[in-house]
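Residue numbers (full-length UniProt numbering), protein chains in the order written: chain A, 1 to 201; chain B, 1 to 201.
C-beta atoms are modelled at their ideal positions from N, C-alpha and C, and glycine is treated no differently.
Encoded as structure tokens, the structure appears first; notes follow it.
There are 2 protein chains.
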Amino acid sequence: MTTTQPAAVRRGRPGYDREQLLQVCVEVFNQHGYDATSMGKLAEHLGITKSAIYHHVSSKEELLELSLNRALDSLEAEYDAVHARPLPAVERLELVLRGSVRVLVEQMPYVTLLLRVRGNSEVEITALQRRRRFTRQVGELIAQAQDDGDIRTDISAVAAPRLLMGMVNSMVDWYRPTGIGGPEEVADTVAKIALDGLRAP
Amino acid sequence: MTTTQPAAVRRGRPGYDREQLLQVCVEVFNQHGYDATSMGKLAEHLGITKSAIYHHVSSKEELLELSLNRALDSLEAEYDAVHARPLPAVERLELVLRGSVRVLVEQMPYVTLLLRVRGNSEVEITALQRRRRFTRQVGELIAQAQDDGDIRTDISAVAAPRLLMGMVNSMVDWYRPTGIGGPEEVADTVAKIALDGLRAP
């Protein structure tokens, strides 16, 4: 929130609050690309005027920032909740992986936008840094679990966290709520592959 | 190759043969997005005229098709080579995963372009179909290895091949030849995670 106007004034036209506005805008960004989307195009999709959008946000970039924060705040909240628990690193790693699957499914449009960010502005650079920090934290859990003797030491601790997050993040390209199983089922498959592999015991 | 002109005529200006032209064009597509790249922009990056590009190809879409075929032909060649070998499905699965890591590293710009295709034209739809067929073939190897008793049956055979390919494909976002280890080292990590998981034996 970068505005201090009262909520009643912030509303554009009846039918959109700030949350609903963001939901539409993130879909338009994902469909046409953020850079190729003008405020005019957003207004057209929303069926309101550009100035009605400016009642909610100060710029297109603020819409981007709000969208990226939505995904990153959720991911970081998952990590923080798990980090606080008195569990071995290997168990925290599994919980973080399951949590990231859950966030991806619940916030799919926001995570999709996040994964396309390439660092073209301050907002994008900050988002990339937060995304990299999350991957680094996954790497630290792996390293700690290696020290504990719970995770094999004959794998690259640089490549492994990136491969694991790549496995989870690929879901934006193929996960659909029907036909594949719910998020808990996919989280199970992710956790089983990551920790124990596909091979039959 | 959609032209039958002799090679000498196909060359634009001294300095580019068709292969080198493609190498530059795929980088420009990846940097600016295929849709946002005009033939004029390609000519500018190449330092030649548009008509010099038309000595090599008939359209921008032909450049896209040649680029996507480069990635897909390589992937399919890996699959075909492995498929012909008299090995248990679980071993063929491992070889296909290792082969796809190798193709990704060797053809990274072409694979990067392939992974961004969303089906906006016939060429893109065909490429998506070929990409999906590859993933389906990985799924068939998993199913066969499950029948053989070599791969666990308590995982989703729909999600697993997509997660595995997602793990490999994520490399376009983070793999660099230095600092991470060579392709064989990353292929090792992929194969170990996929088959046996991270957990210490």
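For residue 136 of chain A, the secondary structure class from DSSP, reduced to helix, strand or coil, is helix.
Residues of the region 151-170 of chain B that bring their beta carbon within less than 9 Å of a beta carbon in chain A comprise 151, 152, 153, 154, 155, 156, 158, 159, 160, 162, 163, 164, 165, 166, 167, 168, 169, 170, in sequence order. Annotation: the continuous alpha helix (DSSP H) that includes residue 159 of chain A extends over 159-169. Contact residues of the region 80-104 of chain B toward chain A are 90, 93 (C-beta to C-beta distance below 9 Å). Runs of the alpha helix (DSSP H) lying entirely within the UniProt domain "HTH tetR-type" (15-75) of chain B and spanning at least 4 residues, in chain order: 18-32, 39-46, 50-53. Contact with chain A is absent for residue 37 of chain B, since none of that chain's Cβ atoms lies less than 7 Å from the residue's Cβ.
In summary, the residues of the region 179-199 of chain A whose CB is separated from some CB of chain B by less than 7 Å are 180, 181, 185, 186, 189, 190, 192, 193, 194, 195, 196, 197, 198, 199, in the order they occur in the chain. For residue 73 of chain B, the closest C-alpha among the options B:18, B:131, B:90, B:170 is that of B:131.
Between residue 94 of chain B and residue 191 of chain B, the C-beta gap is smaller than 7 Å, which places the two residues in contact. Taking a cut-off of 8 Å on C-beta distances, the region 164-171 of chain A touches the region 159-178 of chain B, as three or more cross pairs fall below it. In its chain, beyond the 5 residues on either side, 26, 29, 30, 34, 64, 67, 68, 71 have a beta carbon closer than 8 Å to the beta carbon of residue 113 of chain A. Between residue 149 of chain B and chain A, the shortest Cβ-Cβ separation is below 7 Å. As DSSP reads the structure, residue 151 of chain B sits in a beta bridge with A:199. For residue 78 of chain A, the closest C-alpha among the options A:59, A:104, A:90, A:57 is that of A:104. For the 7 Å CB-CB criterion, residue 98 of chain A and residue 187 of chain A form a contact. The distance from the Cβ of residue 152 of chain A to that of residue 200 of chain B is about 5 Å, consistent with a contact at the 8 Å cut-off.
DSSP places residue 100 of chain A inside the alpha helix (DSSP H), whose first and last residues are 89-106. Within a 10 Å sphere around the beta-carbon of residue 87 of chain B sit fewer than 16 other beta-carbons, which makes this residue exposed. In summary, the residues of the UniProt domain "HTH tetR-type" (15-75) of chain A whose CB is separated from some CB of chain B by less than 9 Å are 33, 35, 36, in the order they occur in the chain.
Taking all protein chains shown into account, residue 176 of chain A has fewer than 16 neighbouring C-beta atoms within 10 Å of its C-beta and is therefore exposed.
Within the model, the alpha-carbon separation for residue 32 of chain B versus residue 40 of chain A is close to 22 Å.
In summary, residue 48 of chain A is buried, with 16 or more beta-carbon neighbours lying within 10 Å of its beta-carbon over all protein chains present. Cβ neighbours of residue 119 of chain A within its own chain (closer than 6 Å, five residues either side excluded): 125, 128. Nearest neighbour of residue 102 of chain A by Cα position, chosen from A:17, A:185, A:198, turns out to be A:185. Taking C-beta separations shorter than 6 Å and ignoring five residues to either side along the sequence, the partners of residue 57 of chain B in its chain run 63, following chain order.
In the three-state DSSP reduction, residue 126 of chain A falls in the helix class (H, G or I). Rounded to the nearest angstrom, the gap between the Cα atoms of residue 24 of chain B and residue 116 of chain B is 17 Å. Rounded to the nearest whole angstrom, the CA to CA distance from residue 198 of chain B to residue 146 of chain A is 9 Å. About 4 Å separates the Cβ atoms of residue 144 of chain B and residue 89 of chain B, confirming a contact at the 8 Å cut-off.
Here residue 156 of chain A is near residue 189 of chain B, since their CB atoms are less than 7 Å apart.
The residue among A:123, A:172, A:46, A:61 with its C-alpha nearest the C-alpha of residue 100 of chain A is A:172.
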